[in-house]
Amino acid sequence: MSLEVRCSVIPAAGKGTRMYPLTKSVPKELFPLVDRPVIMTVIEEARRCGIEQFHVVTSPRKPALRDFFTNADCESNPQDLPLPQVDLVMQEQARGLGHAVLQARDYVGEQPFVVQLPDDLYHPEDPLLQTMLDVHAVTGGCVVALMEVSAAEAKLYSSARVEPVELGAAAAGHGVFKLADIIEKPEADQVRSPYALMGRYVLDSRIFEILAQTPPGRNNEIQLTDALAAFAEIPVKEGGGVWGVVSRGRHFDTGNLSGYLQAQMELSLENPDFGAHLREYMRGLAGSPDGPGAAPTSTESAAGQGGKAGAC
Ligand code: G1P
Numbered sequence: 001m002s003l004e005v006r007c008s009v010i011p012a013a014g015k016g017t018r019m020y021p022l023t024k025s026v027p028k029e030l031f032p033l034v035d036r037p038v039i040m041t042v043i044e045e046a047r048r049c050g051i052e053q054f055h056v057v058t059s060p061r062k063p064a065l066r067d068f069f070t071n072a073d074c075e076s077n078p079q080d081l082p083l084p085q086v087d088l089v090m091q092e093q094a095r096g097l098g099h100a101v102l103q104a105r106d107y108v109g110e111q112p113f114v115v116q117l118p119d120d121l122y123h124p125e126d127p128l129l130q131t132m133l134d135v136h137a138v139t140g141g142c143v144v145a146l147m148e149v150s151a152a153e154a155k156l157y158s159s160a161r162v163e164p165v166e167l168g169a170a171a172a173g174h175g176v177f178k179l180a181d182i183i184e185k186p187e188a189d190q191v192r193s194p195y196a197l198m199g200r201y202v203l204d205s206r207i208f209e210i211l212a213q214t215p216p217g218r219n220n221e222i223q224l225t226d227a228l229a230a231f232a233e234i235p236v237k238e239g240g241g242v243w244g245v246v247s248r249g250r251h252f253d254t255g256n257l258s259g260y261l262q263a264q265m266e267l268s269l270e271n272p273d274f275g276a277h278l279r280e281y282m283r284g285l286a287g288s289p290d291g292p293g294a295a296p297t298s299t300e301s302a303a304g305q306g307g308k309a310g311a312c
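Note that my numbering numbers the sequence shown so that position 85 is 85, with each residue one more than the last.
In structure tokens, the structure reads:
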């Protein structure tokens, strides 16, 4: 029986250069996603799984993230969001994802923990993280999210050799694999399977010891993937092994502009307050031979439904 997972490490120290100039002063983790910053959507995903402690690994060059978590104002302003316990962990130098996770070692201690990459955004109704925790309760070791990717995309992620395992109810209908031979950003002839590791991890705290000894790998950075490859070699009877749960839900890469805009559109259209109005607006845009001018204006059609758009 493995320990309960109570905390999440969220690496958020990257410069976000793929989204320049937007990220020059605003961290991508604070970009608005409908009515809250991206990082709050990620935090809420973990809170739905009972996780209440967060260690956000950031950089001294991103003071806005620090301000966001320290200027909580929910008592005087009901529109603010209630925050869970968040520690800001500084990564002074950008030395890779593995190095970022290692900075949280003293905060996590010797308990299993989650890592959530905020660029990998899963739809709020996706039960992926909970399924990973349920699988971890059975398997122990480390559990990662997997997603099927095309041969052309494989080089952007990490790849693993996979072997199916049968876990019954814990898998909740998701495919589960035991992983081996995990490699970061493979060349075309190194791709191990159609499955890539995709931004969610449940990790045994022994990964810290491995990370501390992991030399720089791909891009001369300390890679979490390389530490996982070593953890996968530890026998299962010694608490080792890495398993993967295949995502079946909707995933957005919010670290690039196109993925961010897709998440913004999709979640906006589903929003209970103003989704109906936005869908009507979009139908107007799509159906009109005269283009946007023929669509209802925001005040016109929101007014009748008490939507937030009219109130702003
Ligand atoms: C990181 C990880 C990689 C993983 C990917 C998922 O890469 O290093 O193993 O497959 O996230 O998005 P990055 O996107 O930071 O280059």
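Cβ coordinates follow ideal geometry from the N, Cα and C atoms, glycine included.
- Under the criterion of beta carbons closer than 8 Å, P84 and I43 qualify as touching, at roughly 7 Å.
- The alpha carbon of H123 has as its nearest neighbour, out of V162, C142, A180, A46, the alpha carbon of A46.
- When the alpha-carbon of P60 is set against those of V89, G241, R279, the nearest one is in V89.
- Residue state for E163 is assigned as strand, using DSSP reduced to three classes.
- Counting only runs of 3 or more residues that sit fully inside the segment 236-270, the beta strand (DSSP E) segments are 242-246, 251-253, in chain order.
- The three-state secondary structure of K155, taken from DSSP, is helix.
- The C-beta distance from G244 to L179 rounds to 5 Å, short enough to meet the 8 Å contact threshold.
- According to the DSSP secondary-structure assignment, C7 is paired through a beta bridge with Q53.
- DSSP places Y281 in no beta strand (DSSP E) but in the uninterrupted alpha helix (DSSP H) bounded by 275-287.
- Boundaries for Q130: no beta strand (DSSP E) harbours it, while the alpha helix (DSSP H) harbouring it runs 128-139, taken from the DSSP string.
- For L197, the Cβ falls inside the 7 Å cut-off from some heavy atom of the ligand G1P.
- With contacts defined as CB atoms closer than 8 Å, L267 and V9 fail to qualify as a contacting pair.
- In this structure, S158 has its beta carbon less than 7 Å from a heavy atom of the ligand G1P.
- If you draw a straight line from the Cα of C7 to the Cα of G287, it comes to about 47 Å.
- DSSP, reduced to helix, strand and coil, places T58 within a strand of the structure shown.
- Note that the C-beta distance between F231 and V242 is below 8 Å.
- In this structure, DSSP gives Q85 an extended state, which the three-state scheme calls strand.
- In this structure, the beta-carbon distance from G240 to G141 falls below 8 Å.
- Cβ neighbours of H99 within its own chain (closer than 6 Å, five residues either side excluded): I222.
- Taking 7 Å as the cut-off, the C-beta of Q223 counts as close to a heavy atom of the ligand G1P.
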